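> Handing you a structure now.
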Amino acid sequence: MTNVIACIDGSKATLAVCDASVWAATQMTAPVTLLHVLDKSVYPTQLNLSGSIGLGTREHLLDEMVELEGRRSKLALEQGKYMLEDAKTRVSDQQATVSVDTLQRHGDLIETLLEQEPNARLVVMGRQGEQHQDQPIGSHIESVIRTIKQPILVVMAEFTAPERFIFAYDASATAKKALARVAASPLLKGLACHLVMVSDNQTQASAELAAAANTLSSADFNVSTAVCQGEVQAALEAYQVEHNIDLMVMGAYGHSRIREFFVGSNTTRMISKSKIPLLLLR
């Protein structure tokens, strides 16, 4: 596991993905791989219209449509190459010491990320893809979160290097594993940590937070703790705004109230409503 994989597609978030990748790569002293995947379902390499009504007796029209589709896919691949070149320039201009490679695939994003996962330390992607800029989140987000085991950083249309992060903690096995990953990784070192638990049991939550804070303090994190009450999303968002926090860290799937919040459509809702980047840990 060595690379920061930056998924770019020409969407509004592409520049933010580049900037977040530079920050992450600098924090971890890691190279960046800029990845562009041309969706084969949108740009097929071969077009089969043999079953289309009315085309069987119009071979010239069929041939012309196949040729046009082929040219369309070729042009999209060429455009992707230019996007990769521009993204590489942006990354290099911001941090000349970061090693940058480019990778283009004509296929499926999930399959490509699974192929690259053994070499990935972090995957960075925009909340909305090029084909879904008018929707709250892109179509691939939830599938990527459920499939990829490496940390995933989801960014919005703009990115600035964070100074503080909030860790949504619930004391589950998943949260403790995520906590250990944060403590062991250089990614968030130097950032102030706010360890927050949403619970109606103040005494128990405080004890759980104290143990978790000790883990991070032992790894040289500056940690503040807080117990919040109420609905999870609202409580976390209110705390984030009050303390001017610019990055949220969470385990993707927990085992308590936060699990009820993060599983399924609730995960989608959190990503779609968040105003700050989210680091998702499996």
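In this note's numbering, the protein residues as written are 806 to 1087. The C-beta atom is built at its ideal place from N, Cα and C for all residues, glycine as well. All values reported here derive from a predicted model rather than from experimental measurement.
Would you mind sorting Leu880 into buried or exposed? The rule is 16 or more other CB atoms within 10 Å of its CB.
Flag for Leu880 reads exposed.
> Can you check whether the CB of Ala892 is closer than 8 angstroms to the CB of Thr831?
No. Outside cutoff.
> By DSSP, does Ala811 sit in helix, in strand, or in coil?
It is a strand residue.
> Please list, in chain order, all residues of the same chain as Ile950 whose beta carbon is under 7 angstroms from its beta carbon, the five residues on each side excluded.
Closer than 7 angstroms at the Cβ level, and outside the excluded window around Ile950, lie Ile957, Ala1057, Thr1072 and Leu1085.
> Can you name the start and end residues of the alpha helix (DSSP H) that Ser1022 belongs to?
Element bounds for Ser1022: Gln1007 to Ser1023.
> When you compare only the Cα positions, how much space is there between Gly912 and Leu840?
About 12 angstroms.
> What would DSSP say about Ala997, mapped onto helix, strand or coil?
Looking at Ala997 - three-state DSSP - the assignment turns out to be strand.
> Mapping the DSSP letters down to three states, classify Ser1029 as helix, strand or coil.
If DSSP states are grouped into helix, strand and coil, Ser1029 belongs with the strands.
> Given that a residue counts as buried once 16 or more other Cβ atoms are within 10 Å of its Cβ, and exposed if not, what is Thr838?
So Thr838 counts as buried.
> For Thr917 and Gln1009, what's the separation of their Cα atoms in angstroms?
Taking the straight line from one Cα to the other gives about 43 angstroms.
> Please determine if the segment 914–930 and the segment 1043–1050 are in contact, where contact requires at least 3 C-beta pairs separated by less than 8 angstroms.
No: fewer than three Cβ pairs fall under 8 angstroms.
> Rounded to whole angstroms, what's the CA-CA distance from Leu1021 to Thr1030? Just pull it up for me.
Going from the Cα of Leu1021 to the Cα of Thr1030 covers about 11 angstroms.
> Return the bridge partner residues of Ser844 from the DSSP annotation.
Reading off the sequence shown, one finds Asp at residue 844, where the question assumed Ser. In DSSP, Asp844 forms a bridge with Gly912.
> Determine the contact status of Met1002 and Val960, defining contact as a CB-CB distance below 8 angstroms.
In this structure, Val960 does not lie closer than 8 angstroms to Met1002 by Cβ.
> Can you look up Val1037 in the DSSP assignment and give me helix, strand or coil?
In the structure shown, Val1037 sits in a helix (DSSP, three-state: H, G or I).
> With 16 other CB atoms within 10 Å as the buried threshold, where does Ser948 fall?
When all chains shown are included, Ser948 counts as exposed.
> As a quick exercise: from Asp1025, Lys886 and Ala1015, pick the residue whose alpha carbon is nearest that of Asp1116.
Outside the modelled stretch of the chain, which goes from 806 to 1087, sits residue 1116, for which no answer is possible.
> I need the straight-line Cα distance from Asn974 to Thr965, nearest angstrom please.
Here residue 974 is Tyr; the residue named in the question, Asn, does not match the sequence. So the two alpha carbons sit approximately 24 angstroms from each other.
> Between the Cα of Leu984 and the Cα atoms of Met1055, Pro967, Gln921 and Glu922, which residue gives the shortest distance?
Checking every option, the nearest Cα to that of Leu984 belongs to Met1055.
> I'd like the span of the beta strand (DSSP E) that includes Val903, first residue to last.
Counting along the chain, Val903 falls outside any beta strand (DSSP E), and DSSP gives it neither H nor E.
> When DSSP builds the beta bridges, which residues end up paired with Leu1085?
Bridge partners of Leu1085: Ile957 and Met1055.
> I'd like to confirm the pairing. Which residues does DSSP put opposite Val929 in its beta bridges?
Paired residues: Ala811 and Leu958.
> DSSP three-state label for Lys1080, please.
Coil, per DSSP.
> Closest to Asn1027 by CA distance: which of Ala1039, Leu996, Val842 and Ser826 is it?
Measuring from the Cα of Asn1027, the nearest candidate turns out to be Leu996.
> Please report how far the alpha carbon of Glu1036 lies from the alpha carbon of Ala829, in whole angstroms.
When rounded, the distance between both Cα atoms is 31 angstroms.
> Considering Cα atoms alone, identify which of Ala1024, Met1075 and Glu890 is closest to Ala1040.
It is Met1075 whose Cα lies nearest to the Cα of Ala1040.
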